[in-house]
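The numbering of the sequence shown is this note's numbering, which starts it at 7 and goes up by one.
First the structure, in the form of structure tokens, and then the observations on it.
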Amino acid sequence: MTPTSAFYRPDSTAASSAPDPLRTGARNGVCAIHQPNLFPRLSTLAKLYAADRWIVLDNVQFARRDYQHRTRLAALDAPDRQQWLTLPVNLPQGRPTLISQALLAEPSRSRRTAEPLIRQYYGRSRHWPVVRTVLDTVLARLADTDSVADIAETSTRVLLDSLGWRGEVLYGSTFPARPGRSARLADLALATGSTHYLCGSGGMRYLDPEPFGAHGIPVLPFRTPVDDGDPLWRLARRVSSLWALSSIGPQALAARMNVGRQARSGPIPGYGKGRGPKTPPETTETPAHGQTRQ
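Structural data, given as structure tokens:
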């Protein structure tokens, strides 16, 4: 498999006929590495959707300014009207608490807050049954766990499922990796048998390509479409993808994500310092390390 598009994704989703071995657990393909986010923004969801494998970066420091425990909801017909949905958290180790260690302070209260607020924002959508299924899955998980990482991962996975994504989800904490920011990501890509690493615009600002070159793993830049006239992408880095799902529904949203982007030209600057190829294919983004960079 040689992805060449800046918005890489196989041509089909739920409507796909033959199963893709890369999406049934085979050790191969493109990985994206990202912290678990609560009902993630469309820019994050699009990156994960473009990958064959999501490696959940759950063993890095929790940061209150990030999106593990909160998301910004946009009003269905007036998306510039927005409101935070925030789940109160308890950090057992204080500031150094890892995402995997963070706990919901009041799970039952979080459940009572999330359900009516999301219904208020999206209950009038004709796509509400799909959104309701996403919400119910997360609410059911809230009844069983106080793990912030678990709730956030569940919310992301069920959104991907609603779009017909057939990739696999793995946990960074289950694989050995060096502590350095870029080295950790490169080691996780190698440990999971991934052939390419998707890196978003935030990650590209700090990424050192050398550890990837040493493993022979090309880094693929990922960009969402830039179209200020299209609210779907104009708001992609700001509001929860629940808004996009409610606005156009799962089939249309999956189709929008499947639209091929023109291939970027030229190698990533500085790539190929190690043993890896000097001109990587192009496509997607990856998350940050210790503290999230999206």
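Think of the CB as a built atom: it goes at the ideal place given N, C-alpha and C, for glycine as much as any other residue.
Residues bridged to residue i by DSSP?
| i | result |
| --- | --- |
| W60 | A38 and V175 |
| V95 | L110 |
| Q88 | A80 |
| L48 | For L48, which the question treats as bridged, DSSP gives no partner whatsoever. |
| L104 | Q67 |
| S153 | L109 |
With residue i as the anchor, note down where its beta strand (DSSP E) starts and where it stops.
| i | result |
| --- | --- |
| T77 | R76 to A80 |
Between residue i and residue j, which are expected to be in contact by the criterion C-beta below 8 Å, what is the C-beta distance as a whole number of angstroms?
| i | j | result |
| --- | --- | --- |
| Y55 | L166 | 6 Å |
| I124 | L248 | 7 Å |
| V232 | C205 | Contact flag wrong, Cβ pair sits at about 17 Å. |
| V154 | H75 | 5 Å |
| I223 | L196 | 7 Å |
| S253 | L82 | 7 Å |
| A57 | G173 | 6 Å |
| P46 | V245 | Actually they are not in contact, since the Cβ atoms of P46 and V245 sit about 10 Å apart, beyond 8 Å. |
| Q107 | Q99 | 6 Å |
Along the chain, where does the alpha helix (DSSP H) containing residue i start, and where does it finish?
| i | result |
| --- | --- |
| V66 | Note, V66: premise wrong, no alpha helix (DSSP H); not H, not E. |
| T143 | W134 to L148 |
| D72 | Per DSSP, D72 belongs to no alpha helix (DSSP H) and is neither H nor E. |
Tell whether a beta-carbon distance below 9 Å holds between residue i and residue j.
| i | j | result |
| --- | --- | --- |
| Q67 | R101 | yes |
| I148 | R117 | Per the sequence shown, residue 148 should be read as Leu rather than Ile. The answer is yes: Cβ separation under 9 Å. |
| L109 | D142 | no |
| N43 | G178 | no |
| L259 | L169 | yes |
| R59 | L176 | yes |
| L251 | V144 | no |
| S207 | F228 | yes |
| Q255 | V136 | Correcting the residue type first, residue 255 is Gly in the shown sequence and not Gln. A contact, by the Cβ cut-off of 9 Å. |
| Y212 | A38 | no |
| E112 | P94 | yes |
| V36 | T160 | no |
| A189 | A52 | no |
| A220 | A192 | yes |
| G186 | P217 | yes |
| T162 | T50 | yes |
| T77 | L91 | yes |
| N34 | G209 | no |
Does residue i get closer than 9 Å to chain D when you measure Cβ to Cβ?
| i | result |
| --- | --- |
| D214 | No chain D is part of this structure, which consists of one protein chain only. |
Sorry if obvious, but does the Cβ on residue i come closer than 8 Å to a heavy atom of the ligand GTP?
| i | result |
| --- | --- |
| H221 | Because no ligand of any kind appears in the structure shown, any question about the ligand GTP cannot be addressed here. |
For the region 191 to 276, list the beta strand (DSSP E) runs that are entirely contained and at least 3 residues long, ordered along the chain.
202 to 205 and 225 to 227
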